[in-house]
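Q: Let me give you the structure first, and then I'll get to my questions.
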Amino acid sequence: MGTNLILDKFAKGIKNIDKFQYRGRGWPGGVHVRYKNGEKYNISLDKYWPSFFAPYFFTPYRCLT
Numbered sequence: 001m002g003t004n005l006i007l008d009k010f011a012k013g014i015k016n017i018d019k020f021q022y023r024g025r026g027w028p029g030g031v032h033v034r035y036k037n038g039e040k041y042n043i044s045l046d047k048y049w050p051s052f053f054a055p056y057f058f059t060p061y062r063c064l065t
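Using the working numbering, the first residue of the sequence shown is number 1, and each one after it goes up by one.
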């Protein structure tokens with residue numbers, strides 16, 4: 001659910017993804033998406049984290065305790 005939201009907002013959605021990677025290319029990384037048509041999106045952690053995850057909206061309950 002959170003991943004879909006990131007891809008809808010910062011890339012071209014979840015259809016036709018060739019490769020998807022979290023936390024690649026060093027720390028803290030980000031989201032790296034390559035579509036079947038060759039388009040690439042590199043979404044930095046500081047771009048998507050504050051919008052969706054910092055308010056703990058998609059954080060599992062066990063991570064909050």
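Beta carbons: idealized from backbone N, C-alpha and C, even for Gly.
What three-state label does DSSP hand R66 in the structure shown?
A: An answer regarding residue 66 cannot be provided, because it is not within the stretch 1 to 65 covered by the chain.
Q: Just list the residues that DSSP pairs R34 with in beta bridges.
A: In the DSSP output, where bridge partners are listed per residue, R34 has K19, K40.
Q: In whole angstroms, give me the CA-to-CA distance for Y22 and L45.
A: Approximately 10 Å, taken between the alpha carbons.
Q: Measure the alpha-carbon distance for K87 versus Y48 and round it to whole angstroms.
A: It is not possible to answer for residue 87, since the shown part of the chain is limited to 1 through 65.
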